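Input: a single structure, listed below in structure tokens.
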Amino acid sequence: MALPAYYTAKDKIWHYAFRVICFAIFFFLLAPILIMIPLSFNAQPYFTFTREMLTLNPDGYSLRWYQDFLGSDSWMRSIRNSFGIGIAATLLSTSLGTLAALGLSRSEMPAKALIMGVLISPMIVPLIISAAGMFFFFSSINIAQTYLGVVLAHAALGTPFVVITVTATLVGFDHSLTRAAANLGASPTRTFFKITMPLILPGVISGALFAFITSFDEIVVVLFVAGVEQRTIPREMWSGIREDISPTILAVATILVMVSVALLTVVELLRRRGERMRGLSPQ
93 MALPAYYTAK
103 DKIWHYAFRV
113 ICFAIFFFLL
123 APILIMIPLS
133 FNAQPYFTFT
143 REMLTLNPDG
153 YSLRWYQDFL
163 GSDSWMRSIR
173 NSFGIGIAAT
183 LLSTSLGTLA
193 ALGLSRSEMP
203 AKALIMGVLI
213 SPMIVPLIIS
223 AAGMFFFFSS
233 INIAQTYLGV
243 VLAHAALGTP
253 FVVITVTATL
263 VGFDHSLTRA
273 AANLGASPTR
283 TFFKITMPLI
293 LPGVISGALF
303 AFITSFDEIV
313 VVLFVAGVEQ
323 RTIPREMWSG
333 IREDISPTIL
343 AVATILVMVS
353 VALLTVVELL
363 RRRGERMRGL
373 SPQ
């Protein structure tokens with residue numbers, strides 16, 4: 093793409109320098125991931141590139157670590173736990189976060205800034221403090237080291253993401269639609285499911301995906317709250333790093349990266365769809 097004719101020499105230098113800076117930042121952020129993925133196909137039990145891998149010899153590559161992952165009972169249990177806990181926590185945090193965002197969007201809601209600050213505090217407070225507090229509280233009510241305790245803990249961490257995304261969606265919401273529905277005799281429940289929910293659905297789904305990713309990747313709270321039976325994939329990876337270092341961890345990490353990329357792609361598509369529905373971007 094040609095540069096505008098009115099660009100000075102200084103503007104041209106900054107134009108290309110800015111792109112070099114952006115590339116350097118992206119490379120710095122992505123380099124660990126880009127290195128980890130090919131290492132997960134290493135035929136040898138090493139965390140370094142072998143001579144065969146560097147020379148692109150097929151004998152240097154193998155799926156053995158993925159086979160170890162899929163054939164391990166402990167890893168399979170951690171997958172079931174991660175998805176089960178993640179889905180349950182997502183449903184709970186999405187319900188609570190959506191209701192909270194709807195309440196905060198009302199003009200007559202008192203102390204909205206204070207309530208918003210409390211709701212998003214799990215994103216601000218250091219995670220180690222939240223985890224320790226949850227451990228002592230859950231222990232006092234006998235739900236520590238249970239699936240219920242882990243689900244509630246992850247729901248508390250995921251709710252702020254739902255509140256923020258749904259609140260952002262409601263910024264351009266036309267409340268005259270709900271008033272018109274009420275004038276036509278629709279009940280609040282019918283108005284919500286027929287008018288409000290379809291319009292804010294992209295924000296709700298985006299918040300739910302963020303909440304699921306938060307639960308799926310979380311490790312600190314699990315270390316405090318979960319027991320042996322509630323080990324998730326990150327918890328199993330932590331144990332593997334401490335007890336039995338194996339390239340299987342690289343295979344698991346690669347799968348997690350792919351899952352996260354897929355979910356974030358869905359979030360971006362939903363964000364664009366939401367902007368189109370609100371008229372903020374061209375069709």
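Going by our numbering, 193 is the number at position 101 of the sequence shown; the sequence numbering is gapless. Cβ coordinates follow ideal geometry from the N, Cα and C atoms, glycine included. Every value quoted in this text rests on a predicted model; they were computed, and no experiment measured them.
Where does residue i land, buried or exposed, given buried means 16+ other C-beta within 10 angstroms?
i	result
G241	buried
L249	buried
N234	exposed
G295	buried
F161	buried
G209	exposed
T182	buried
Q375	A caution first: Q375 carries a pLDDT of 49, below 50, which makes its placement in the model unreliable, though a value can still be read off. Q375 is exposed by the Cβ-count criterion.
G189	buried
V313	buried
I305	buried
A223	buried
Please report how far the alpha carbon of residue i lies from the alpha carbon of residue j, in whole angstroms.
i	j	result
P280	I287	10 angstroms
A278	P290	16 angstroms
F265	E200	16 angstroms
P130	L356	22 angstroms
E360	L301	11 angstroms
T100	A116	24 angstroms
M350	S232	38 angstroms
F316	P214	16 angstroms
F120	Q159	31 angstroms
A303	L184	10 angstroms
M128	S268	52 angstroms
T324	D151	33 angstroms
H107	F118	17 angstroms
F285	A343	42 angstroms
Y98	C114	24 angstroms
H246	L146	42 angstroms
L362	I297	8 angstroms
V320	Q237	8 angstroms
I179	A109	44 angstroms
E335	W167	15 angstroms
A135	I311	29 angstroms
L262	V217	26 angstroms
G299	P124	27 angstroms
L122	T140	18 angstroms
Just to confirm my understanding: we take residue i, look at its own chain, exclude 5 residues before and 5 after, and list those with CB closer than 7 angstroms. What are they?
i	result
T270	T283, I287, T288
K204	L196
I341	M329, G332, I333
V358	L301
T142	N134, Q136, G152
Please report the residue range of the alpha helix (DSSP H) in which residue i lies.
i	result
K104	101-131
R198	Here R198 belongs to no alpha helix (DSSP H), and DSSP marks it neither H nor E.
F227	219-232
R271	268-275
G209	204-211
Y239	239-262
A303	289-309
My guess is that residue i and residue j are in contact by the Cβ rule of under 8 angstroms, so how many angstroms apart are they, rounded?
i	j	result
I90	I256	This structure gives no information on residue 90, because the portion of the chain shown stretches from 93 to 375.
A193	V258	4 angstroms
S154	F133	6 angstroms
I177	V243	6 angstroms
L95	K104	6 angstroms
Identify, in the order they occur along the chain, each residue of the same chain with its Cβ nearer than 6 angstroms to the Cβ of residue i, setting aside the five sequence neighbours on each side.
i	result
Y138	none
S170	R323, T324, I325, E328
T251	S185, L188, G189
Can you list, in chain order, the residues of its chain with a C-beta nearer than 8 angstroms to that of residue i? Leave out the 5 residues immediately preceding and following it.
i	result
S338	P137, W157, D160, G332
D309	P326, L348, S352
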